[in-house]
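Take a look at the structure set out below.
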Ligand SMILES: [Ca+2]
Ligand SMILES: [Ca+2]
Ligand SMILES: [Ca+2]
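Residue numbers (this note's numbering): 1225 to 1366.
Structure, rendered in structure tokens:
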């Protein structure tokens, strides 16, 4: 399993001609943030986390009353895409940036101390086995 962490959103250029955009973020088909008013050059913290399995789809929408909501684009990330990503949403002549982080929970499931102990134990094993190999070799040499 992995976690998608949506850190922040920035509007470089909004979609609506008049007034602020009303932006919401959908992950795997469900709205997870917004709608929030966004103006040109405005950045907002998002701080939303969504758990997923193999892949995750992120979509950005701009809410309109009179006509259907505008789809500003969609991005897909996989559980293996660990780390930070800068996603661009530029459909409908809009320009938005999203900063997200993918965390693979399989690799971070063990506490750091436990990981360190395991590494030390493996290193000791190597030293021991190479020593015994040496003994066997010297015995064989005699
Ligand atoms: Ca619109
Ligand atoms: Ca609108
Ligand atoms: Ca529209």
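Note that the Cβ used here is the ideal one computed from N, Cα and C, for glycine as well. Note that the structure is a prediction, hence the values are computed from the model and not measured.
Practice problem: Would you kindly report the start and end of the unbroken beta strand (DSSP E) that includes residue 1241? | Solution: Your numbering for residue 1241 matches position 17 in the chain shown. No beta strand (DSSP E) holds residue 1241; DSSP gives it neither H nor E.
Quiz item: If you draw a straight line from the alpha carbon of residue 1317 to that of residue 1288, how long is it in whole angstroms?
Solution: Walking along the chain shown from the start, residue 1317 turns up at place 93. Walking along the chain shown from the start, residue 1288 turns up at place 64. Each residue's Cα considered, the two are about 15 Å apart.
Quiz item: Listed in chain order, which residues are found with a beta carbon closer than 5 Å to a heavy atom of ligand 3?
Solution: 1288, 1291, 1294
Quiz item: Is it the case that the Cβ atoms of residue 1270 and residue 1251 are separated by a distance below 8 Å?
Solution: Residue 1270 sits at position 46 when you count from the first residue of the chain shown. Residue 1251 sits at position 27 when you count from the first residue of the chain shown. Not closer than 8 Å, so no.
Practice problem: May I ask whether a heavy atom of ligand 2 can be found less than 7 Å away from the beta carbon of residue 1246? | Solution: For the purposes of this step, residue 1246 is identified with residue 22 of the chain shown, where counting begins at 1. Because some heavy atom of ligand 2 lies under 7 Å away, the Cβ of residue 1246 counts as near it: yes.
Practice problem: Put residue 1314 into one of helix, strand or coil per three-state DSSP. | Solution: Residue 1314 sits at position 90 when you count from the first residue of the chain shown. Three-state result, residue 1314: coil.
Quiz item: In whole angstroms, what is the alpha-carbon distance linking residue 1253 and residue 1283?
Solution: Locating residue 1253 in the chain shown gives position 29, where the first residue counts as 1. Locating residue 1283 in the chain shown gives position 59, where the first residue counts as 1. If you take the alpha carbons of residue 1253 and residue 1283, they lie about 8 Å apart.
Quiz prompt | For residue 1272, the nearest candidate out of 1264, 1235, 1256, 1260 (CA to CA) | solution = Position 48 of the chain shown, counted from the first residue, corresponds to residue 1272. Measuring from the Cα of residue 1272, the nearest candidate turns out to be 1256.
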